[in-house]
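Trainee:
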Amino acid sequence: MHYYPLFLDLSQARILLAGAGEVGRRKAGDLLAVGPKALLWLDPAVPPQDLPADLVAHPALEYAQREARPRDLSGRALVFAATGSAEANLRLARQCREQGIFCNVADAPDEGNFMVPTHFYQDGFCLALSTAGQSPALARQMRRELQDWYQDRYSAMLTLLGRLRPLILRQIPGKENSGCRAELFRNLAQSALTEALQDKDRAGTERLLRDLLPEKLHKQIEDLLHDLY
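Using my numbering, read the sequence shown as starting at 2 and increasing by one per residue.
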């Protein structure tokens with residue numbers, strides 16, 4: 002099976018999470034961290050006092066000590082089936098398929114219709130990996146290796162490009178200039194700026210920016226490099 006990778010804005014999403022075991026608690030923390038509109042969390046066996054207090058107190062969370070019911074699916078953008086019962090998970094996944102709702106099944110990914118890749122965040126950067134369910138353990142090992150390699154090598158570059166993007170869009174507006182903008186962004190990303198920023202070589206960074214940027218933006222270079230050194 003081939004999966005289509007994407008990143009979701011869940012700020013307006015209503016989500017259902019069934020299961021409050023180890024997997025469910027980890028998913029609840031990850032979901033609440035990205036600010037969904039509402040998260041309904043259900044488990045018939047776990048009383049709320051046994052859950053992490055910071056999760057239970059989250060304003061977007063509604064927790065109930067009961068099983069999921071068909072009406073709980075109404076208006077849900079995503080459903081996570083992470084109970085300790087394979088039968089309950091499959092039943093929930095089947096109900097989601099019937100209603101066209103995206104469902105992730107923790108212990109049987111092929112029964113759902115989306116997967117959550119292993120991932121890490123650092124300084125505005127998110128890297129996600131998946132083996133399409135063949136080996137989550139290998140995906141986690143690859144993530145750890147990449148995280149160790151990454152450290153903070155792209156942090157300053159990401160900040161710089163984040164500051165540059167709106168300036169370039171204003172200076173080179175219009176659909177007719179999309180190719181020109183794309184080439185400029187590509188040249189910036191492929192340049193030696195990352196190394197110059199890592200090496201704290203301010204003079205070298207300024208020289209590269211003057212070579213790469215339109216002359217109208219040269220006066221912005223000092224502000225662009227503020228607090229990056």
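A virtual CB, placed ideally from N, CA and C, is assigned to each residue, including glycine.
Thinking C-beta only, is glycine 101 closer than 8 Å to arginine 232?
Mentor: Here the chain covers residues 2 to 230 and nothing more, so residue 232 does not appear.
Trainee: Using the Cα positions of threonine 206 and lysine 217, report the straight-line distance between them to the nearest angstrom.
Mentor: Near 17 Å, if we compare the C-alpha coordinates of lysine 217 and threonine 206.
Trainee: Which residue wins for smallest C-alpha separation from lysine 220, given the options Leu168, Tyr5 and Asn90?
Mentor: Taking only the C-alpha atoms, the option nearest lysine 220 is Leu168.
Trainee: Would you give the residue range spanned by the alpha helix (DSSP H) that phenylalanine 186 belongs to?
Mentor: 179-191 is the extent of the alpha helix (DSSP H) around phenylalanine 186.
Trainee: Between which two residues does the beta strand (DSSP E) containing alanine 39 stretch?
Mentor: It spans 39-43 - the beta strand (DSSP E) in which alanine 39 sits, taken as one unbroken run.
Trainee: For asparagine 90, which residues of its own chain have a beta-carbon under 6 Å away from its beta-carbon, when the five flanking residues on both sides are left out?
Mentor: If we look at asparagine 90 and ignore the five residues flanking it on each side, its Cβ neighbours are Ala82, Thr84 and Val106.
Trainee: Measure the Cβ-Cβ separation of lysine 201 and tyrosine 230 and say whether it is below 8 Å.
Mentor: Result yes, Cβ atoms of lysine 201 and tyrosine 230 sit closer than 8 Å.
Trainee: Between the Cα of alanine 190 and those of Gln172, Leu214 and Lys176, spot the shortest distance and give me the residue it belongs to.
Mentor: Cα-wise, what sits closest to alanine 190 is Leu214.
Trainee: Kindly indicate the opening and closing residues of the alpha helix (DSSP H) around threonine 84.
Mentor: Threonine 84 -> no alpha helix (DSSP H), and no H or E assigned at all.
Trainee: Distance check for glutamate 63 and leucine 130, CA to CA, integer angstroms please.
Mentor: In a straight line, the C-alpha of leucine 130 is about 30 Å away from that of glutamate 63.
Trainee: With respect to the alpha helix (DSSP H) encompassing leucine 1, which residues constitute its N-terminal and C-terminal limits?
Mentor: Residue numbering for the chain in the displayed model covers 2 to 230; residue 1 lies beyond these limits and cannot be assessed.
Trainee: Just confirm the distance between the C-beta atoms of leucine 41 and leucine 32, as a whole number of angstroms; I'd bet it's less than 8 Å.
Mentor: Rounded, the Cβ-Cβ distance is 11 Å, inconsistent with contact.
Trainee: Which same chain residues, not among the five before or five after lysine 38, have their C-beta less than 8 Å away from its C-beta?
Mentor: Cβ within range, chain order: Leu11, Ser12, Gln13, Ala14, Arg15 and Ala61.
Trainee: Let's see if you can read the secondary structure: which residues bound the alpha helix (DSSP H) around alanine 29?
Mentor: Counting along the chain, the alpha helix (DSSP H) containing alanine 29 begins and ends at 23-34.
Trainee: Is it the case that the Cβ atoms of arginine 182 and isoleucine 173 are separated by a distance below 8 Å?
Mentor: Yes, they are a contact pair.
Trainee: Could you check whether threonine 119 and arginine 98 sit closer than 8 Å to each other, using their CB atoms as the reference points?
Mentor: No, the pair does not count as a contact, with Cβ atoms beyond the cut-off.
Trainee: Compare the C-alpha of tyrosine 5 against each of Arg72, Phe115 and Lys28 and name the closest.
Mentor: When each option's Cα is compared against that of tyrosine 5, the closest is Phe115.
Trainee: How is asparagine 105 classed by DSSP in three states: helix, strand or coil?
Mentor: Asparagine 105: strand per DSSP, three-state reduction.
Trainee: Figure out for me which residue from Gly25, Ala133 and Gly36 has the closest Cα to the Cα of leucine 43.
Mentor: Measuring from the Cα of leucine 43, the nearest candidate turns out to be Gly25.
Trainee: Return helix, strand or coil for arginine 15, following the three-state DSSP convention.
Mentor: Arginine 15 falls in the strand class under three-state DSSP.
Trainee: Is it buried or exposed for alanine 29, if we count other Cβ within 10 angstroms and need 16 for buried?
Mentor: Flag for alanine 29 reads buried.
Trainee: Reducing DSSP to helix, strand and coil, say where tyrosine 230 ends up.
Mentor: Correct three-state label for tyrosine 230: coil.
Trainee: Between which two residues does the beta strand (DSSP E) containing glutamate 63 stretch?
Mentor: Counting along the chain, the beta strand (DSSP E) containing glutamate 63 begins and ends at 62-65.
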